[in-house]
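*Asks:*
Residue numbers (the numbering used here): 151 to 271.
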C-alpha cells in the first residue's frame with residue numbers, strides 16, 4: 151500500500167477559529183502581541199500621581215523647581231514617538247534622589263520608575 155504525502159490542512163466537519171496559521175513545509179507564523187497600551191496607561195497614571203504628590207508635598211522639597219522641571223522634561227520625553235530610555239532613566243533617578251526625604255513624592259516617583267521600566271522592558 152502506497153501512502154500519499156498530504157501537505158495542507160484537512161478538516162472534515164466542525165469549526166476552526168484561527169488567529170494565525172501557517173501550512174506546508176517549512177511554514178512559519180509569527181505573532182507579536184504588545185501590552186504597550188496597558189503599560190503606557192500605567193505610565194500616564196503614575197506620572198499623574200507624581201504630579202499630584204508634587205502639588206501636595208512639593209513645598210517640602212529643597213530643590214522643588216528643578217524637580218518639577220525634570221518631571222516635565224520626563225513627561226515630554228515619554229510623549230515622543232521614540233523616547234530615549236537613557237534620558238528617562240537618568241531623569242527619574244535624579245528626581246528620585248532629590249525627593250527621597252519626602253516619602254509621598256518618593257513613593258510616587260518609584261511607581262513611575264517601575265511603570266517606565268515595564269514599558270521599555
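Don't be surprised by glycine CBs; every beta carbon is placed ideally from N, CA and C. Since the model is a prediction, treat every value here as computed from it, not as a measurement.
Between residue 261 and residue 194, which are expected to be in contact by the criterion C-beta below 8 Å, what is the C-beta distance as a whole number of angstroms?
*Replies:* Incorrect: roughly 12 Å between the Cβ atoms, too far for contact.
*Asks:* So which of 201, 238, 240 and 223 has the shortest CA-CA distance to residue 257?
*Replies:* Taking only the C-alpha atoms, the option nearest residue 257 is 201.
*Asks:* Out of 263, 254 and 253, point me to the one whose CA is closest to residue 237's CA.
*Replies:* Looking at the Cα atoms, 263 is the closest of the given residues.
*Asks:* My guess is that residue 241 and residue 220 are in contact by the Cβ rule of under 8 Å, so how many angstroms apart are they, rounded?
*Replies:* Yes, they are in contact, since the Cβ atoms of residue 241 and residue 220 sit about 5 Å apart, within 8 Å.
*Asks:* Can you tell me where the alpha helix (DSSP H) with residue 232 in it begins and where it stops?
*Replies:* Residue 232 -> no alpha helix (DSSP H), and no H or E assigned at all.
*Asks:* Using a beta-carbon distance below 8 Å, is residue 176 in contact with chain D?
*Replies:* The question asks about chain D, but that chain is absent: this structure has only one protein chain.
*Asks:* Give the straight-line distance between the Cα atoms of residue 213 and residue 227, rounded to the nearest whole angstrom.
*Replies:* Cα to Cα, the separation comes out at about 21 Å.
*Asks:* Any idea if residue 266 is buried or exposed, counting beta-carbon neighbours within 10 angstroms, 16 or more meaning buried?
*Replies:* Classification for residue 266: buried.
*Asks:* State the Cα-Cα distance for the pair residue 216 and residue 222, rounded to the nearest angstrom.
*Replies:* Whole-angstrom Cα-Cα distance: 10 Å.
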